[in-house]
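Trainee:
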Amino acid sequence: MNPDANNVSTVYICSNVGMGYTRYLKTCVEHANYKAELITQMTEQQYRNLSLRGGIRKLWLRMVTYVLYPMQLAVRALCAPRHAVFIVTSNTFYVPGIAYLFSRFSGAKIINLVYDLYPDALEVAGKIQPDSWVSRFVGVISRFNRRKSDRTVYLGEFLKAHADTRWQEKKTAHAIDISAAVDPDYVNDPYQSGKIRIHYGGQLGYMHDAENLSSCVHACHQANDLKENFEFNFLVSGAQADYLATELRDVPAKIGPPVPSQQWQQVVRQQHIGLATLKPGGATVCLPSKIYAMMAAGLPIIAICPMWSDLASVILENNAGWVISNSPYRTHEELLGEDYLLRCKQTLTQEEVTGSFVKLLREIATNPQTILDKRKCALHAMNTVYGLETLSERWRAVIEG
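First residue of the sequence shown: 656, per the working numbering; consecutive thereafter.
1) Please classify residue 858: does DSSP put it in a helix, a strand, or coil?
2) Fully enclosed by the stretch 806-856, which alpha helix (DSSP H) runs are 4 residues long or longer?
3) Which residue from 1012, 663, 893, 799 puts its Cα closest to that of residue 826?
4) With H, G and I counted as helix, E and B as strand and the rest as coil, what does DSSP make of residue 941?
5) Taking the beta carbon of residue 772 as the centre, do at least 16 other beta carbons fall within 10 Å, making it buried, or is it exposed?
6) Report, in whole angstroms, the separation of the C-beta atoms of residue 1043 and residue 682, which I expect to be a contact under 8 Å.
7) Rounding to the nearest angstrom, what Cα-Cα distance links residue 974 and residue 1033 in this structure?
8) Less than 8 Å between the C-beta atoms of residue 886 and residue 852, yes or no?
9) Are residue 889 and residue 874 touching if we call contact CB-CB under 8 Å?
10) Could you compute how far the alpha carbon of residue 1052 sits from the alpha carbon of residue 775?
11) Considering just the uninterrupted stretch of the alpha helix (DSSP H) at residue 869, what are its terminal residues?
12) State yes or no: is the beta carbon of residue 852 nearer than 8 Å to at least one beta carbon in chain B?
13) Which residues in the same chain as residue 738 place their Cβ atom closer than 6 Å to its Cβ, once the five residues preceding and following it in sequence are excluded?
14) Whole angstroms are fine: how far does the CA of residue 740 sit from the CA of residue 763?
15) Could you tell me which of 941, 953, 818 sits nearest to residue 927, measuring between CA atoms?
16) Buried or exposed: which applies to residue 930, given that a residue is buried once 16 or more other Cβ atoms fall within 10 Å of its Cβ?
17) Go ahead and pull the three-state DSSP assignment for residue 977.
18) If I'm right that residue 912 touches residue 700 with Cβ under 8 Å, what's the distance once you round it to whole angstroms?
19) Go to residue 743, then tell me how far its alpha helix (DSSP H) extends in each direction, as first and last residue.
20) Rounded C-beta distance between residue 863 and residue 781? I'm assuming under 8 Å.
21) Would you be able to state if there are at least three C-beta pairs under 8 Å between the stretch 808-817 and the stretch 782-793?
22) Taking the Cβ atom as the reference point for each residue, do residue 753 and residue 728 lie within a distance shorter than 8 Å?
23) Do you know whose CA, among 946, 850, 951, 857, lies nearest residue 891's CA?
24) Measuring CA to CA, which of 695, 1001, 680, 895 is closest to residue 689?
25) With a CB to CB cut of under 6 Å and the five nearest residues on each side skipped, what residues in its chain are close to residue 702?
26) Along the chain, where does the beta strand (DSSP E) that runs through residue 960 open and close?
27) If you compare alpha carbons, which of 935, 723, 977, 834 is closest to residue 987?
28) Any heavy atom of the ligand MN closer than 7 Å to the Cβ of residue 1037?
29) Starting from residue 790, trace the beta strand (DSSP E) both ways and give me its first and last residue.
30) Verify whether the separation of the beta carbon atoms of residue 712 and residue 705 is less than 8 Å.
31) How would you call residue 760, buried or exposed, if buried means at least 16 neighbouring beta carbons within 10 angstroms?
32) Give me, in chain order, the residues of the same chain whose beta-carbon lies closer than 7 Å to that of residue 999; leave out the 5 immediate sequence neighbours on both sides.
33) Between residue 666 and residue 744, what straight-line distance do the alpha-carbon atoms span, to the nearest angstrom?
34) Measure the alpha-carbon distance for residue 1049 versus residue 733 and round it to whole angstroms.
35) Under a Cβ-count criterion, where at least 16 other Cβ atoms within 10 Å of its own Cβ denotes burial, should residue 965 be classed as buried or exposed?
36) Between 882, 865, 721, which has its C-alpha nearest residue 1020's C-alpha?
Below you can see the structure in the form of structure tokens.
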């Protein structure tokens, strides 16, 4: 253990599902010379299997997520060793507060790692109305999480600024990227000639812009000069996966469910460009973790998202791809005002987004060297800006702060 780690005994990384990025966070913490341990209730594959089923299996998934996992975390926080640190993700969203309450007996430090912002996520998904009593109640829980935690960490600077703007809280917070490990054995084969293969992998939920995504793919296949040059591959799950499959049923795009990590690493080796998307409202909630895995595999990214989002910042600041804006605003400052939440959700027309997408694909087809150039930038960013050394030092500062 790091001798200068303020006597930290163990860092517990807590999430209801042991996702790949959760395991990578453990790697970062261990690289900073801390003893680290995962606290989870199920594997990613178990979660996906249960989420695709209905009836009793879906009920069991909710029981595990909302009851058993919080109970497990409460016991671990209550019985934690001296000088323990808990990094508690917002999966499930109210458990950072539970960890705080039970850690009062053990004296453990609580770091609130915000993967998804609430109640924003429920509002964007259409589950609740903004300013409803449910939204205000969920907001009280989220504020409690932030105020009582020793530190709060967001996935990006915009998400941190959005939380500050909406809730007008001045408590110090941090922004640290999720990231992913670069494995040279699973870096994609550089594009040389033939069809340019574009890949979308992971979640396609309420936060993601499935309507514009579908429209863009249709437009590509309706243009003779583009359909001969591009091929789309989707491995998706989530609330809008069926919608996409239905909308693209007459398009020769490959669509299937997500596959285990090792199989995905083989699939991605044959792809040339990654695809990601967020609705403007969704960009106030989360940052797609899959972009880091795709960049680590050597894929530059086409992102359909607002220019003011953290997703756009990752791509543009590292020259690791292209951004197709779906918001009429470019900066966080332009969103500010009494109608802030409405501006955050405003969108460009589907025709504007699709037109920009088609124009970009024509530029790429004309100059495919840009794929190689941005591929190099994506890999460079994953080895430096989002690399193990950098993230380990950033987490060390939070853990010891």
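Note that the Cβ used here is the ideal one computed from N, Cα and C, for glycine as well.
Mentor: The short version:
1) If DSSP states are grouped into helix, strand and coil, residue 858 belongs with the strands.
2) Within the stretch 806-856, the complete alpha helix (DSSP H) segments of 4 residues or longer fall at 812-822, listed in chain order.
3) The closest CA to that of residue 826, considering only 1012, 663, 893, 799, is found on 799.
4) For residue 941, the secondary structure class from DSSP, reduced to helix, strand or coil, is coil.
5) Residue 772 should be labelled buried.
6) Right, the Cβ-Cβ distance comes to about 7 Å (below 8 Å), so this counts as a contact.
7) One C-alpha to the other measures close to 7 Å.
8) Contact: yes.
9) Cβ atoms of residue 889 and residue 874: not closer than 8 Å.
10) Rounded to the nearest whole angstrom, the CA to CA distance from residue 1052 to residue 775 is 28 Å.
11) Per DSSP, the unbroken alpha helix (DSSP H) holding residue 869 starts and ends at 865-877.
12) The chain inventory of the structure shown lacks chain B, comprising one protein chain alone.
13) Within the same chain, 662, 663, 664 come within 6 Å of residue 738 by CB-CB distance, once the 5 residues on both sides are set aside.
14) Taking the CA atoms as reference points, residue 763 sits about 6 Å from residue 740.
15) If we check each option's Cα against that of residue 927, 953 comes out closest.
16) Counting C-beta atoms within 10 angstroms of its own C-beta, residue 930 has 16 or more neighbours from the protein chains shown and is therefore classed as buried.
17) Under the three-state reduction of DSSP output, residue 977 falls in the strand class.
18) Separation of the CB atoms of residue 912 and residue 700 is rounded to 11 Å, and the pair is thereby denied contact status at 8 Å.
19) If you look at residue 743, you'll find it isn't in any alpha helix (DSSP H); it sits in the beta strand (DSSP E) that goes 740-744.
20) Not a contact, Cβ separation roughly 14 Å.
21) With a cut-off of 8 Å, the stretch 808-817 and the stretch 782-793 do not count as touching, because too few Cβ pairs lie within range.
22) For residue 753 and residue 728, yes; Cβs fall inside 8 Å.
23) Nearest in C-alpha terms to residue 891, of all of 946, 850, 951, 857, is 857.
24) Distance from the Cα of residue 689 is smallest, within the candidate group 695, 1001, 680, 895, for 680.
25) For residue 702, where only same-chain residues beyond five positions count, the Cβ hits under 6 Å are 672.
26) Here residue 960 belongs to no beta strand (DSSP E), and DSSP marks it neither H nor E.
27) Comparing Cα-Cα distances from residue 987 to each of 935, 723, 977, 834, the minimum goes to 935.
28) With respect to small molecules bound, the structure shown includes none, and the ligand MN cannot be examined in it.
29) Per DSSP, residue 790 is not a residue of any beta strand (DSSP E); the alpha helix (DSSP H) it occupies stretches across 788-803.
30) The Cβ-Cβ distance between residue 712 and residue 705 falls below 8 Å.
31) Burial is judged here by how many other beta carbons sit within 10 angstroms of a residue's own beta carbon; residue 760 has fewer than 16 and is exposed.
32) Once the five neighbours on either side are set aside, the close Cβ partners of residue 999 are 935, 936, 939, 990.
33) Between residue 666 and residue 744, the C-alpha separation is close to 13 Å.
34) If you take the alpha carbons of residue 1049 and residue 733, they lie about 27 Å apart.
35) Looking at its Cβ environment, which holds 16 or more other Cβ atoms inside 10 Å, residue 965 is buried.
36) Ranked by Cα distance from residue 1020, the options 882, 865, 721 are led by 882.
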